[in-house]
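Numbering (our numbering), first residue to last: 2 to 335. Have a look at the structure below before the remarks.
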């Protein structure tokens with residue numbers, strides 16, 4: 002039997018659509034040690050394992066419980082004894098006729114199965130890999146932000162410790178210089194006020210950082226994991242050739258998330274504005290940049306998403322404009 006027929010049977014074996022004779026023949030071929038078929042089968046089985054995650058949830062039929070109980074109480078049928086095949090019959094079962102392989106290979110419906118399977122699973126795997134990469138990048142950005150905040154908090158803690166040491170020093174000096182008690186008490190009160198202010202600022206910064214990280218994580222992680230999320234790449238224009246962005250959007254909820262990188266720092270009194278282009282540009286939100294030249298924008302609802310042809314980012318005066326008036330920095334085709 003030609004090796005090409007075994008290669009055509011690999012995807013069908015991976016999804017369990019071969020009949021018993023074809024399956025036995027293919028397994029016998031694998032036992033010969035064919036490296037090419039074993040490698041291909043492993044790849045198809047990994048792809049087939051992802052297929053259940055792309056299926057919609059099916060509701061359980063209301064009559065399922067009744068049918069199961071009825072099947073339990075029924076008397077099980079007596080198994081019929083099958084005659085053991087002779088040696089020649091066993092070989093015939095292991096190696097199906099060439100006509101069965103030829104009919105399987107020439108069947109248009111079965112020929113389309115591996116093509117459709119590869120196309121669907123390839124798209125799903127690519128989308129899943131893109132979502133995971135974006136989630137990882139966003140998580141790394143959050144970790145970087147938290148590290149920066151940790152440095153700031155450490156600075157405030159150091160200043161707080163210095164103030165505490167100074168207060169303790171003043172208290173000792175107060176004991177030694179009782180004659181200048183009033184002046185030392187005033188200085189001590191001032192230092193204690195400064196210490197309280199630093200402690201309040203430290204607590205507020207910690208709470209704000211944690212709240213921001215939690216809110217972003219709770220909102221973006223479920224969004225990025227949604228199988229309906231699609232990705233559009235925005236490329237830098239002549240104004241910012243090294244800049245780029247990824248726009249993720251959900252066609253059902255019309256939510257979107259923009260992550261831009263290598264964006265030029267904004268001049269004073271300026272902002273970046275995202276435009277959804279239909280017949281004319283419609284503003285989708287304003288955003289700035291952080292110290293790492295990165296930008297993030299959560300869009301609660303994109304208007305008329307089904308009719309949008311492209312997205313663009315322009316530099317506008319603070320507060321934005323109803324229509325683009327500045328230079329275009331990013332452009333992406335839908």
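Here a beta-carbon is modelled for each residue, glycine too, at the ideal position from N, C-alpha and C.
Helix, strand or coil for residue i? Go by DSSP, reduced to three states.
| i | result |
| --- | --- |
| residue 97 | Only weak support exists for where residue 97 lies, its pLDDT of 49 falling under 50; the coordinates are left without a value. |
| residue 303 | coil |
| residue 52 | helix |
| residue 281 | coil |
| residue 241 | coil |
| residue 215 | helix |
| residue 327 | coil |
| residue 232 | strand |
| residue 164 | helix |
| residue 317 | strand |
| residue 177 | helix |
| residue 131 | helix |
| residue 147 | helix |
| residue 153 | helix |
| residue 196 | helix |
| residue 272 | strand |
| residue 298 | strand |
| residue 184 | helix |
| residue 43 | helix |
| residue 19 | coil |
| residue 287 | strand |
| residue 267 | coil |
| residue 259 | strand |
| residue 335 | coil |
Taking the C-alpha atoms as reference points, what is the distance between residue i and residue j?
| i | j | result |
| --- | --- | --- |
| residue 166 | residue 202 | 19 Å |
| residue 171 | residue 162 | 14 Å |
| residue 256 | residue 300 | 6 Å |
| residue 5 | residue 17 | 19 Å |
| residue 326 | residue 150 | 36 Å |
| residue 176 | residue 159 | 26 Å |
| residue 34 | residue 50 | 24 Å |
| residue 298 | residue 314 | 12 Å |
| residue 324 | residue 239 | 21 Å |
| residue 220 | residue 188 | 48 Å |
| residue 242 | residue 15 | 46 Å |
| residue 185 | residue 157 | 25 Å |
| residue 235 | residue 199 | 43 Å |
| residue 292 | residue 13 | 53 Å |
| residue 148 | residue 309 | 38 Å |
| residue 197 | residue 216 | 28 Å |
| residue 54 | residue 47 | 13 Å |
| residue 316 | residue 289 | 10 Å |
| residue 138 | residue 63 | 44 Å |
| residue 280 | residue 204 | 49 Å |
| residue 71 | residue 37 | 48 Å |
| residue 226 | residue 25 | 40 Å |
| residue 211 | residue 173 | 38 Å |
| residue 102 | residue 22 | Note on residue 102: pLDDT 46, under 50, position unreliable in the model; no value is reported. |
| residue 254 | residue 246 | 21 Å |
| residue 190 | residue 130 | 59 Å |
| residue 224 | residue 144 | 19 Å |
| residue 146 | residue 43 | 41 Å |
Looking only at its chain, what residues have a beta carbon closer than 6 Å to the beta carbon of residue i, apart from the 5 residues adjacent to it on each side?
| i | result |
| --- | --- |
| residue 287 | 272, 274 and 321 |
| residue 294 | 263 and 264 |
| residue 329 | 238, 313 and 315 |
| residue 296 | 261, 264, 288 and 290 |
Do residue j and residue i come within 8 Å of each other at the CB atom, strictly closer than that value?
| i | j | result |
| --- | --- | --- |
| residue 230 | residue 142 | no |
| residue 264 | residue 244 | yes |
| residue 270 | residue 331 | no |
| residue 11 | residue 45 | yes |
| residue 304 | residue 261 | no |
| residue 267 | residue 333 | no |
| residue 19 | residue 7 | no |
| residue 252 | residue 306 | yes |
| residue 207 | residue 259 | no |
| residue 340 | residue 168 | The requested residue 340 does not occur in the structure, where the chain is confined to residues 2 to 335. |
| residue 39 | residue 52 | no |
Given residue i, which residues of its chain have a CB within under 7 Å of its CB, disregarding the five upstream and five downstream residues?
| i | result |
| --- | --- |
| residue 195 | 164 |
| residue 222 | 136 |
Take residue i and list the residues in its own chain whose beta-carbon comes closer than 8 Å to its own, dropping the five residues that flank it on each side.
| i | result |
| --- | --- |
| residue 3 | none |
| residue 283 | 276, 277, 304 and 305 |
| residue 182 | 175 |
| residue 311 | 278, 332, 333, 334 and 335 |
| residue 319 | 270, 271 and 272 |
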